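Shown next, in structure tokens, is the structure this report addresses.
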Amino acid sequence: MTVFPWPALDGIAYGGDYNPEQWPRDVWDEDVALMRDAGVSLVSVGIFSWAALEPSEGSFDLAWLDELLDLLHANGIAVDLGTPTASPPAWFFAAYPEARVVAADGTVLGFGSRGMASHAAPEYRTAIARVAGQLAHRYADHPAVVMWHVHNEYGVPVGEDFSPRSVAAWRVWLQRRHGSLDALNAAWGTAFWGQTFHDWEHVVAPAAMPSVPNPAMRLDWARYTDEQLRECFRIERDAIRAHASQPITTNFMAHQSWNTDLWTWAQEVDVVSDDHYLWSPDSDAQVGLALAADLTRSVAGGRPWMLMEHSTSAVNWQGVNVAKRPGEMERNAMAHLARGADAVMFFQWRASRSGAEKFHSAMLPHAGPRSRVFREVVTLGDHVGRLAELRGSRVRAEVAVLYDWESLWAQDLEWRPSDALGFRERVRAYYERLWRDGVTVDFAHPEHDLSGYRLVVAPASYLLTAEGAANLTRYVDGGGTLLVSCFAAVVDEHDAVHPGGFGAPLRDALGVAVEEFLPLRTGETCVVDLDGEVLEADVWSEHLVVDGAEVRGTYRGGPADGMPAVTRHAHGAGAGWYVSTRLGVGALAPVLAAVYRDAGIEPGGQPEGLEVVTRHGDDADYVFAVNHRAEPAALDVVGMELLSGKPVDGEFEIPAGDVAVFRTTQRPQGGGR
Ligand code: GLA
5 MTVFPWPALD GIAYGGDYNP EQWPRDVWDE DVALMRDAGV SLVSVGIFSW AALEPSEGSF
65 DLAWLDELLD LLHANGIAVD LGTPTASPPA WFFAAYPEAR VVAADGTVLG FGSRGMASHA
125 APEYRTAIAR VAGQLAHRYA DHPAVVMWHV HNEYGVPVGE DFSPRSVAAW RVWLQRRHGS
185 LDALNAAWGT AFWGQTFHDW EHVVAPAAMP SVPNPAMRLD WARYTDEQLR ECFRIERDAI
245 RAHASQPITT NFMAHQSWNT DLWTWAQEVD VVSDDHYLWS PDSDAQVGLA LAADLTRSVA
305 GGRPWMLMEH STSAVNWQGV NVAKRPGEME RNAMAHLARG ADAVMFFQWR ASRSGAEKFH
365 SAMLPHAGPR SRVFREVVTL GDHVGRLAEL RGSRVRAEVA VLYDWESLWA QDLEWRPSDA
425 LGFRERVRAY YERLWRDGVT VDFAHPEHDL SGYRLVVAPA SYLLTAEGAA NLTRYVDGGG
485 TLLVSCFAAV VDEHDAVHPG GFGAPLRDAL GVAVEEFLPL RTGETCVVDL DGEVLEADVW
545 SEHLVVDGAE VRGTYRGGPA DGMPAVTRHA HGAGAGWYVS TRLGVGALAP VLAAVYRDAG
605 IEPGGQPEGL EVVTRHGDDA DYVFAVNHRA EPAALDVVGM ELLSGKPVDG EFEIPAGDVA
665 VFRTTQRPQG GGR
């Protein structure tokens, strides 16, 4: 197995955020005793502790942290040591009011909540380097500290900053990116609406404006914000690295992140980690969980990653915060492990009595250790302990789903042909179809090497560079099967329509041209006749002109009545499919079935709702079976069920809502071409 940076821990890490500065000292002893009962091996400490660590500028009080780390170490609990820079203390904002973040509407964001200061403020940059360096200097050799956790969830609750200093930094960034004002004017298309700049000092940020800001400016602003946040990360990482050698991470938020392009961020960390919370209004939130986990593993380049936060039960920040039902936490945790996580961590260890998150669940809830949640936490700790041997094993996929943050930034701007066609919605719909079909997927960037996949799905490639399109065309040429969803390859990296019209860069691969978008009114539907099967569509249709492709589905009704809706084009040794409308998860089933046949993919075949994923180790494979159904489900396996320690030879029944993990030496199907 290849060697990669990983905290010095045995087995799968188990634990959560630990904020003992909120509690009297005697509670710490109870905490560590209960952590031991629960099998906790790792806790994240200090993430919001700046005010306690540096009570006044430049003067540090680390005695309490010394004591805490010693206590944890004495109890065999390792530490993921946080830098507290997502929550600067009161003294910082009092001393440097100009370092406060300014929102797009000009509101200056004040102290009394949490959130970083301006990423462009020199005082903030100095202060984060100082506190991170101080911690690293002190704890580089502390035996409890096995890794470093920089900041918390870059990009939320604040990422964008419209303060004068940020706007000045933006102009410098633009000069670097575009070289000259002429180049900037050309890239942004400022001849439109008379926006041409003749002086760098006149270049503005996309703050509040009378009408829609220049979209290319918005897109560059997203890139600028992302890079500024990453610079702040690097300042802290390098301050730590000057003293300490343990792996360094920062916690991502995969499919929920907006300001951070995680393909790039993943290159900067030693270990990828992710936070994931179920979205209560979504009754199939386990699908969103699987998507986030696969996306995290993919940005990590397939390497193991850490689930840094999830919840034991309800969160507190959604409109209605639904509690997890018995067994749900275990299913969630195991689904993350199935998709490549080698750590199961929660926010947080002990529920806070005060503050904004007192209604957030915890490993140790307000109800105390004699509670359902704590009992399940103890059981999960035991189960995680039994899975130590699968650490480092990998998930393999034959299908890649394209995911590009630049396309997300661009597609979700204002004044598109239809607000109802969103990036995340389309990614989720295609992903959910694959999930329900039991097909394991990786995510990939359009410019990645895709040659190892039998099928590449592009659910939301509104922005596709000429290089990305050429890569996809080469992929098809070389024998791959490509499935592209509507509103694709419309604009380039400046949000300018591709020369030749919508979708032009993919014309060779798909054999179609898009003449006009024909969105549907809210509530309006149309029908696609796919080889005699009737599929309901909504939101979107297109006037498609066939240029070599074979028509597989035709519109019936709606603005595109009688026109081609779904096409397949043989190109080189492969094929390019195009779906020009919005199909729901159900309507996508026959389309995907045809595409799987074309690509030579055999879907899992398990009953829908039984999530089966395999991790491949050096000597064995590990098959996770997570039963989300209300009925039992059976699986054919030969090997050992690791949670019960029982040998299995043939059909194994997984009760409703339960999880099984098998070690098997009989390799199930899978693997790249
Ligand atoms: C985020 C934060 C945590 C906590 C949780 C609550 O993930 O990182 O500090 O606020 O949300 O769900």
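In this text, residue positions in the sequence shown follow the working numbering: the first is 5, and each later residue adds one. Where a beta carbon is used, it is the ideal one built from N, C-alpha and C, also for glycine. This one's a predicted model, so the numbers in the text were calculated from it and none came from an experiment.
DSSP places TRP54 within a helical segment (H, G or I) once states are collapsed to three.
Counting along the chain, PRO651 sits inside the beta strand (DSSP E) bounded by residues 650-658.
Per DSSP, HIS387 lies in no beta strand (DSSP E); the unbroken alpha helix (DSSP H) holding it starts and ends at 376-390. A distance below 7 Å separates the beta carbons of LEU299 and ALA258.
Taking C-alpha positions only, ALA297 is separated from HIS206 by approximately 43 Å. Relative to ligand 1, the beta carbon of GLU25 is positioned no closer than 6 Å to any heavy atom.
CA-CA distance, ALA195 to PHE201, rounds to 9 Å. In this structure, DSSP gives THR268 a helical state, which the three-state scheme calls helix. The beta carbon of PRO450 lies closer than 7 Å to those of LEU406, ASP408, SER465, LEU468, GLY472, ASN475, LEU476 in the same chain, with the five residues before and after it left out. Rounded to whole angstroms, the Cβ separation of VAL516 and THR571 is 5 Å, and the two are in contact under 8 Å.
At least one heavy atom of ligand 1 is found less than 6 Å from the C-beta of ASP279. In the DSSP annotation of this structure, the continuous segment of the alpha helix (DSSP H) that includes MET338 starts and ends at 332-342. Using a Cβ distance threshold of 7 Å, VAL216 and GLU497 do not count as a contacting pair. Comparing C-alpha distances from GLY114 to each of GLY654, ALA103, LEU178 shows the shortest one belongs to ALA103. Using a Cβ-Cβ distance cut-off of 8 Å, the region 498-505 and the region 183-199 are in contact, since at least three pairs of beta carbons, one from each stretch, lie closer than that value.
Under the three-pair Cβ rule at 8 Å, the region 108-124 counts as touching the region 89-97. At a cut-off of 3 residues, the continuous stretches assigned as beta strand (DSSP E) that sit fully inside the region 69-127 are 82-86. A distance criterion of 6 Å places the beta-carbon of VAL319 in contact range of ligand 1, judged by its closest non-hydrogen atom. Membership of GLY292 in the alpha helix (DSSP H) is indicated by the continuous run 289-303. By the C-beta density criterion, SER184 is exposed, having fewer than 16 other C-beta atoms within 10 angstroms. Residue nearest to ASP622 within the set ARG601, TYR143, THR669 is THR669 (criterion: CA-CA distance). Residue state for LEU425 is assigned as coil, using DSSP reduced to three classes. TYR582 carries a strand assignment under DSSP once its states are collapsed to helix, strand and coil. According to the DSSP secondary-structure assignment, VAL663 is paired through a beta bridge with VAL630.
About 11 Å separates the beta carbon of LEU72 from that of TYR143, a gap too long to meet the 8 Å contact definition.
Membership of PHE447 in the beta strand (DSSP E) is indicated by the continuous run 445-448.
Put simply, of ARG175, SER284, ALA133, GLN199 the residue whose alpha carbon is nearest the alpha carbon of HIS247 is ALA133. GLY20 is positioned such that its CB atom lies closer than 7 Å to that of MET349. With a threshold of 6 Å, the Cβ atom of PHE256 does not count as near ligand 1, since no heavy atom of the ligand is closer than that. The distance from the Cβ of VAL630 to that of PHE666 is about 12 Å, inconsistent with a contact at the 8 Å cut-off. A straight-line Cα-Cα distance of about 9 Å links ASP288 and LEU282. With a cutoff of 6 Å, GLU635 does not count as near ligand 1, since its C-beta is closer than that to no heavy atom of the ligand. Following the DSSP letters along the chain, one finds ARG525 in no alpha helix (DSSP H), marked with neither H nor E. ARG458 and TYR435 have their alpha carbons spaced roughly 16 Å apart. Placement of the Cβ of PHE351 at a distance of less than 6 Å from at least one heavy atom of ligand 1 is found.
Here VAL319 carries a coil assignment [DSSP, helix/strand/coil].
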